[in-house]
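Trainee: For the record, the sequence lines run as chains B and X. The opening position of the first sequence corresponds to residue 25 in the numbering used here, with each subsequent residue numbered one higher. The opening position of the second sequence corresponds to residue 6 in the numbering used here, with each subsequent residue numbered one higher.
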Amino acid sequence: MTGFALPTTPTQADPDSKTDESLPDDAVVDLGAWQKQLAISGVLDRLDAELVGVHPVKTRVREIAALLLVDRLRARFALTSTRPTLHMCFTGSPGTGKTTVALRMAEILKGLGYLRRGHLVSATRDDLVGEYVGHTAPKTKAVLNRAMGGVLLIDEAYYLYRADSERDYGPEAIEILLQVMEARRDDLVVILAGYRDRMDSFFTSNPGMASRIAHHIDFPDFTLDELVRIADLMVAGESHRFSPAARQAFREYMALRMAQPRFANARSVRNAIDRMRLRQASRLVAAGALVGKDDLIRLEPADITVSRVFGTGP
Amino acid sequence: MRITQGTFSYLPDLTDEEIKAQLQYAIDRGWAVAVEFTDDPHPRNNLWEMWGLPMFDIADAAAGLAEIRACREAYPHRYVRVSAYDASYGRQTTALSFIVHRPPDEPGFRLDRQEASDRRTRYTLTPYAARQPHGRRYGEPPA
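#1: Closest to Tyr84(X) by C-alpha separation, out of Trp56(X), Ala92(X) and Arg127(X), would be which residue?
#2: Taking beta-carbon pairs under 9 angstroms, can you tell me which members of the region 158 to 174 of chain B lie near chain X?
#3: Do the region 75 to 82 of chain B and the region 250 to 268 of chain B meet, that is, are 3 or more Cβ pairs less than 8 angstroms apart?
#4: Using a Cβ cut-off of 8 angstroms (strictly closer), state whether Asp33(X) contacts chain B.
#5: On a CA-only basis, which of Ala135(X), Ala134(X) and Leu116(X) is nearest Thr126(X)? Give me that one, please.
#6: With DSSP collapsed to three states, give me the class of Ala37(X).
#7: Going by C-alpha distance, which of Thr160(B), Arg286(B) and Glu199(B) is nearest Asp150(B)?
#8: To which residues does DSSP link Asp242(B) through a beta bridge?
#9: Express the C-alpha separation of Glu111(X) and Met6(X) in angstroms, rounding to a whole number.
#10: Anyone know if the C-beta pair for Ala130(B) and Gly142(B) falls short of 8 angstroms?
#11: Mind pulling the chain X residues with CB within less than 7 angstroms of His143(B)?
#12: Here's the rule: buried if 16 or more other CB atoms are within 10 angstroms of the residue's CB, otherwise exposed. What is Pro80(B)?
#13: Give a yes or no on whether the minimum CB-CB distance between Met60(X) and chain B is below 8 angstroms.
#14: Only counting runs of 3 or more residues, tell me where the beta strand (DSSP E) segments fall wholly within the region 134 to 185 of chain B, in order along the chain.
#15: Alpha carbon to alpha carbon, what distance is there between Leu92(B) and Val53(B)?
#16: Terminal residues of the continuous beta strand (DSSP E) containing Pro81(X)?
#17: Give the C-beta separation of Gly173(B) and Ala67(X) to the nearest angstrom, bearing in mind that I take them to be a contact with Cβ-Cβ under 8 angstroms.
#18: In this structure, what does DSSP give as the bridge partners for Ile87(X)?
#19: Name the one or two DSSP bridge partners that Met60(X) has.
#20: Of all the options Leu103(B), Pro48(B), Arg128(B) and Pro118(B), which has the alpha carbon lying nearest to the alpha carbon of Lys82(B)?
#21: Looking at the C-beta of Arg211(B), does it have a partner C-beta in chain X at a distance below 8 angstroms?
#22: I need the boundaries of the alpha helix (DSSP H) containing Ile88(B), first residue and last residue.
#23: According to DSSP, is Pro108(B) helix, strand or coil?
#24: Mind listing the chain X neighbours of Arg140(B)? Cutoff is C-beta to C-beta under 8 angstroms, in chain order.
#25: Taking Cβ positions, are Asn230(B) and Tyr185(B) nearer each other than 8 angstroms?
#26: Considering Cα atoms alone, identify which of His111(B), Ala270(B) and Asp50(B) is closest to Ile88(B).
#27: Tell me the DSSP secondary structure of Arg49(X) in three-state form.
#28: Which residues mark the beginning and the end of the alpha helix (DSSP H) in which Ile215(B) is found?
#29: Do Phe103(X) and Cys76(X) count as a contact pair if the criterion is CB distance below 8 angstroms?
#30: If Ala288(B) sits next to Pro118(B), beta carbons under 8 angstroms apart, how far is it from one beta carbon to the other, in whole angstroms?
#31: May I ask you to report which of helix, strand or coil DSSP gives Arg322(B)?
#32: Any idea which residues DSSP pairs Leu116(X) with across the strands?
#33: On the three-state DSSP scale, how would you describe Thr33(B)?
#34: Could you tell me if Gly312(B) is buried or exposed, where buried requires 16 or more neighbouring beta carbons within 10 angstroms of its beta carbon?
#35: With respect to 7 angstroms, is the separation between the Cβ of Arg141(B) and the closest non-hydrogen atom of the ligand SAM below this value?
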């Protein structure tokens, strides 16, 4: 019989098979091999390679990955356990990688089979809260529907709640959010992101929200060494390269920049690199000489030291 | 009489899991899934009422299934169907449509034959439920 036959379930008992066929009590499973098969290791290794620093975050991500892995294994032995709640809260200064980790988290959870799609939907207050009566619920629901099967990242979640305004529709959005976070936690993972202190006061005024979030992860600020390593990665990503003197100059620049107001960690690094590329381009054009591939790639100290951070430039 | 309209209509009613798989199939092909309901399931009535807007940007069938459940809960005495619209150029039509909920009791249709000139016969289908006003058919309690 061919044609319209339903796909038959594989008879061979591979550890990742979706069948409910349980293992006997005395069976043993090679966890290492299984882990490889699930390809989470690849995602976790990339997390290590591409994200500098943020050790508490990496530790927590590994813990969650391990829990989900073991839970799946337990399910194979017919041990019942409820699905863990995975809603998270990421707190930290600007530019400490909250969004980047959220994106990676979606991949990891998909790799573990916790999420079906593994996409990330980013939302802010504007996407959730309506402008007039009856506008908020459909708006919030539409965003939640879009995020089903993936991760919903609510950036600066504390803007949802405005203590000073009584006619604000924020609480309505929070209410719907809480309902869905509780009732349909199999379908989506909500990640709230924002600054530490404001998030704390948000949770104080919304205790229901705090109790529904299992993982509070704090993103530490980057150290100088980490910032320079981030810069190396970013520069390599743009097909550029620091000359040794330029790296030293960049290090000095970062040390000064860190002490200044409005320092935004990795985002400041990104901006500094963008300005360096501008200066490199104008330096090359101004010189008007013969240019080779290496000249186009290399960033020189001259591209950094003119910055106003050093007090010399414009 | 169990009415048969759309895809899968000669199969037993789909379970929620099966509906979800069909929705996912439609979503993966980029079709916009919409939930519609009616208490006038005449075969020529193509325009059912819409349950919200078509879901243009969902990625996972769970979202669609939740809307179906909400619609069933709101209208347990009406027919609910899912339609998936293929917007691709050259097709631009409903690609898939199937009933996901039906009233508990379906009295069926009355067939009227009208004698016309030259022994011609004209046929008319009238749902027995349509004798009741809209909103009270298929045992729906008055609002």
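Where is the CB? At the ideal position from N, CA and C, for every residue including glycine. Note that the structure is a prediction, hence the values are computed from the model and not measured.
Mentor: Per the coordinate set shown:
#1: Your numbering for residue 84(X) matches position 79 in the second sequence. Per the Cα distances, Trp56(X).
#2: Pro162, Lys165, Ala166, Leu168, Asn169, Arg170, Ala171, Met172, Gly173 and Gly174
#3: Touching, yes, given that three or more Cβ pairs across the two stretches are closer than 8 angstroms.
#4: Residue numbering aside, residue 33(X) sits at position 28 when the second sequence is read from its first letter. Chain B contact via Cβ: absent.
#5: On the second sequence, residue 126(X) is found 121 positions in, with the first residue counted as 1. Looking only at Ala135(X), Ala134(X) and Leu116(X), the smallest Cα-Cα distance to Thr126(X) is reached by Leu116(X).
#6: Stepping through the second sequence from its first residue, residue 37(X) is reached at position 32. In this structure, Ala37(X) counts as strand in the three-state DSSP scheme.
#7: Position 126 of the first sequence, counted from the start, is the residue given in the question as residue 150(B). Among Thr160(B), Arg286(B) and Glu199(B), the Cα nearest to that of Asp150(B) belongs to Thr160(B).
#8: One-based indexing of the first sequence puts residue 242(B) at position 218. Its beta-bridge partners are Thr115(B).
#9: Position 1 of the second sequence, counting from 1, holds the residue named residue 6(X). Position 106 of the second sequence, counting from 1, holds the residue named residue 111(X). One C-alpha to the other measures close to 6 angstroms.
#10: On the first sequence, position 106 is the one that residue 130(B) refers to. On the first sequence, position 118 is the one that residue 142(B) refers to. Yes, these two residues count as a Cβ contact at 8 angstroms.
#11: Reading the first sequence from its first residue, position 119 is the one you call residue 143(B). Those within 7 angstroms of His143(B) in chain X are Ala64.
#12: What you label residue 80(B) is simply residue 56 of the first sequence in a count that begins at 1. Exposed is the call here.
#13: Taking the second sequence and counting its residues from 1, one reaches residue 60(X) at position 55. It does; some Cβ of chain B falls within 8 angstroms.
#14: 144 to 147 and 175 to 179
#15: If you number the first sequence from 1, residue 53(B) lands on position 29. If you number the first sequence from 1, residue 92(B) lands on position 68. Their backbone Cα atoms lie some 15 angstroms apart in a straight line.
#16: Working through the second sequence from its first residue, we reach residue 81(X) at position 76. Looking at the DSSP string, Pro81(X) is not in any beta strand (DSSP E), and its letter there is neither H nor E.
#17: In the first sequence, the residue the question calls residue 173(B) occupies position 149. In the second sequence, the residue the question calls residue 67(X) occupies position 62. That belief holds up - the Cβ atoms of Gly173(B) and Ala67(X) are roughly 6 angstroms apart, short of 8 angstroms.
#18: Here residue 87(X) is taken as the residue at index 82 of the second sequence, counted from 1. Per the sequence shown, the amino acid found at residue 87(X) is Val instead of Ile. Per DSSP, Val40(X) and Phe103(X).
#19: Position 55 of the second sequence, counted from the start, is the residue given in the question as residue 60(X). Answer is Val38(X).
#20: For the purposes of this step, residue 82(B) is taken as the residue at position 58 of the first sequence. Closest option to Lys82(B), Cα to Cα, is Arg128(B).
#21: The residue you call residue 211(B) lines up with position 187 of the first sequence. Before going on, a small fix: residue 211(B) reads as Asp here, not Arg. So yes, Asp211(B) belongs to the interface.
#22: Taking the first residue of the first sequence as 1, we reach residue 88(B) at position 64. For Ile88(B), the enclosing alpha helix (DSSP H) stretches over residues His79 to Arg100.
#23: Position 84 of the first sequence, counting from 1, holds the residue named residue 108(B). Coil, per DSSP.
#24: Indexing the first sequence from 1 puts residue 140(B) at position 116. What Arg140(B) touches in chain X: Asp65 and Ala67.
#25: Taking the first sequence and counting its residues from 1, the one referred to as residue 230(B) is at position 206. Taking the first sequence and counting its residues from 1, the one referred to as residue 185(B) is at position 161. Closer than 8 angstroms, so yes.
#26: Counting from 1 along the first sequence, the entry for residue 88(B) is found at position 64. Ranking the options by Cα distance to Ile88(B), first place goes to His111(B).
#27: On the second sequence, residue 49(X) is found 44 positions in, with the first residue counted as 1. Three-state result, Arg49(X): coil.
#28: Looking up residue 215(B) in the first sequence gives position 191. Taken as a continuous stretch (DSSP letters only), Ile215(B) belongs to no alpha helix (DSSP H), being part of the beta strand (DSSP E) at Val213 to Gly218.
#29: Along the second sequence, one-based indexing puts residue 76(X) at 71. Along the second sequence, one-based indexing puts residue 103(X) at 98. Against a cut-off of 8 angstroms, the Cβ pair of Phe103(X) and Cys76(X) comes out as no contact.
#30: For the purposes of this step, residue 288(B) is identified with residue 264 of the first sequence, where counting begins at 1. For the purposes of this step, residue 118(B) is identified with residue 94 of the first sequence, where counting begins at 1. Right, the Cβ-Cβ distance comes to about 4 angstroms (below 8 angstroms), so this counts as a contact.
#31: Translated into the one-based positions of the first sequence, residue 322(B) becomes position 298. Note: Arg322(B) maps to strand in three-state DSSP.
#32: For the purposes of this step, residue 116(X) is identified with residue 111 of the second sequence, where counting begins at 1. Answer is Leu130(X).
#33: Translated into positions along the first sequence, residue 33(B) becomes position 9. Residue placement at Thr33(B) is poorly supported in this model, since its pLDDT is 48, which falls under 50; the coordinates are not used for a value here.
#34: For the purposes of this step, residue 312(B) is identified with residue 288 of the first sequence, where counting begins at 1. Result: exposed.
#35: In terms of ligand content, the structure shown is empty, and the ligand SAM therefore cannot be addressed.
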